[in-house]
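K.L.:
In the working numbering, the protein residues as written are 58 to 229.
The beta carbon of each residue, even a glycine, is placed where N, CA and C say it ideally should be.
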Amino acid sequence: MEHIISVLVENKFGALSRVAGLFSGRGFNIESLSVAPTIDPSVSLMTVVTSGDDRIIEQIVKQLNKLIDVIKVVDLNDSEFVARETALIKVQTRAEDRAEALRITDIFRGNVIDSTATTYTIEVTGDAKKIDAILNLLQPLGIKELARTGRVAIAREPIRPVVAQPKRVART
């Protein structure tokens, strides 16, 4: 089963290498990895997408927590979360296919960010299923090049029940 693991690390030289080394050294696959500084520039957030059963994921989380630069590890699959990725798709477009490429881009709320006489470069953001769906539709037109960011994810805040406020009674 696929899991998205959020790893908060000190923004230090070698932190990414140590996390990636943990995965490769134990034979775990990283399906996607995204790393960037947070609001605090001394801390970075890594979003790691990997696969495994509950025992393997538990082992990964425990091993990550042992690394020196790691501040916090969260398996986002244990809670509600939102995840997105971005894809840049260069489509080979013949004159008769250009309108179809624009129509597909519009349906997926993508943007044409570059255009030549023979290609469109399309940017689209969404969940992995959305990216896969637009790729499937653009494939017959001729995808020339593809770059995907990998997923970024963040936990959702729990919804707090709304407590009714007592009504104020006007005094005369």
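(1) Could you check which residue in Leu198, Ile191, His60 has the C-alpha nearest to that of alanine 152?
(2) Report buried or exposed for alanine 204, applying the criterion of at least 16 other Cβ atoms within 10 angstroms of its Cβ.
(3) Below 8 Å, how does it come out for the region 179-190 and the region 123-135: are there three or more Cβ pairs, yes or no?
(4) Tell me, please, whether the region 186-202 touches the region 147-167 by the rule of three or more beta-carbon pairs shorter than 8 Å.
(5) Phenylalanine 80: which of Ile216, Ile146, Ala185, Lys119 sits nearest, CA to CA?
(6) In this structure, how does DSSP classify serine 81 when only helix, strand and coil are distinguished?
(7) Which ranges does the alpha helix (DSSP H) cover as unbroken runs of at least 4 residues, wholly within the region 133-179, from first to last along the chain?
(8) Would you mind working out which of Gly71, Leu65, Phe85, Val76 sits nearest methionine 58, comparing C-alpha positions?
(9) Check each candidate in Asp189, Ser63, Leu124 and name the one with the smallest Cα separation from threonine 104.
(10) Pair every Cβ in the region 94-114 with every Cβ in the region 158-167, then say whether three or more of these pairs are closer than 8 Å.
(11) Taking the alpha-carbon of alanine 144 as reference, which of Ala156, Ala185, Thr107 has the nearest alpha-carbon?
(12) Here's a check: name, in chain order, each residue in its chain whose Cβ is nearer than 6 Å to the Cβ of valine 131, leaving out the five neighbours to either side.
(13) Give the secondary structure of lysine 187 by DSSP, where H, G and I count as helix, E and B as strand, and everything else as coil.
P.N.:
A quick look at the data gives this:
(1) Taking the first residue of the sequence shown as position 1, residue 152 is located at position 95. Alanine 152 has its Cα closest to that of Leu198, out of Leu198, Ile191, His60.
(2) Residue mapping note: residue 204 aligns to position 147 of the sequence shown, counting from 1. Exposed is the call here.
(3) no
(4) Cβ pair count under 8 Å is three or more, so yes.
(5) Reading the sequence shown from its first residue, position 23 is the one you call residue 80. Here the closest residue by C-alpha is Lys119.
(6) For this step, residue 81 is matched to residue 24 along the sequence shown. Serine 81 falls in the helix class under three-state DSSP.
(7) 155-164
(8) Along the sequence shown, read from residue 1 onward, the residue named residue 58 stands at position 1. Residue Phe85 is the option with its Cα nearest to methionine 58.
(9) Translated into positions along the sequence shown, residue 104 becomes position 47. Among Asp189, Ser63, Leu124, the Cα nearest to that of threonine 104 belongs to Ser63.
(10) no
(11) In the sequence shown, counting from the first residue as 1, residue 144 sits at position 87. Comparing Cα-Cα distances from alanine 144 to each of Ala156, Ala185, Thr107, the minimum goes to Ala185.
(12) By one-based count along the sequence shown, residue 131 stands at place 74. If you ignore the 5 residues before and after valine 131, its C-beta comes within less than 6 Å of the C-beta of Ser63, all in its own chain and listed in chain order.
(13) As a position in the sequence shown, residue 187 is number 130, starting the count at 1. Looking at lysine 187 - three-state DSSP - the assignment turns out to be helix.
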